[in-house]
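Asks: For the sequence shown, the working numbering assigns the number 17 to the initial residue and increments by one for each residue that follows.
Got a structure for you, questions after.
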Amino acid sequence: MVTTGEREDRLFAALADHFDMRRPSLSEHLKVLREAGLVAEEMLSVRWLDPDPANFAYWTLTWTLEHEGRGTRLFLVHEGFDPDDPAQMMARKIMDGGWRSHVMRALEQVLTDL
C-alpha cells in the first residue's frame, strides 16, 4: 500500500531531474512545478534530499506571498535543519546570511527593474 508521503516522495524524485540546485533558476523551477500542478500563485514549496551520509540533509524551502495593504509581503522559510548536527547548524547560519543579503538584494533589483 502506498501512503501519501511515499507518493509525494516518488513525485518529488521524478521532478528532481528537472532541477539543478547548484544553479537554481526560480522561474524555470516555477514553470515545472506549475505544469505538474504543485504550485499556486501564492506559494512555492520545494523539498530536497542530500543522501550523502557525510552531509545528510532533508530540507524544505517555502516562499509565500501575502497581500498586505496596497502591496504584497514575501515570506521565506527554510526548514529541516538538525539542531543536533553542528555541520547543519553551520550551513543554516551561512545560508541565512545569503538569504538575507544576496538573495533579497537580487530580488529587490529584479522587482525594481520590472
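All C-beta atoms in this analysis are idealised placements derived from N, C-alpha and C, irrespective of residue type, glycine included.
Counting only runs of 4+ residues fully inside the region 72-129, write out the alpha helix (DSSP H) ranges in chain order.
Replies: 102-114, 120-129
Asks: What residue from D101, Y74, L92 has the CA that sits closest to G113's CA?
Replies: L92
Asks: Output yes or no for whether 8 Å exceeds the beta carbon distance between T80 and M111.
Replies: no
Asks: Measuring CA to CA, which of F97, E82, V62 is closest to L90?
Replies: E82
Asks: Check each candidate in K47, G87, T76 and name the one with the smallest Cα separation from L127.
Replies: G87
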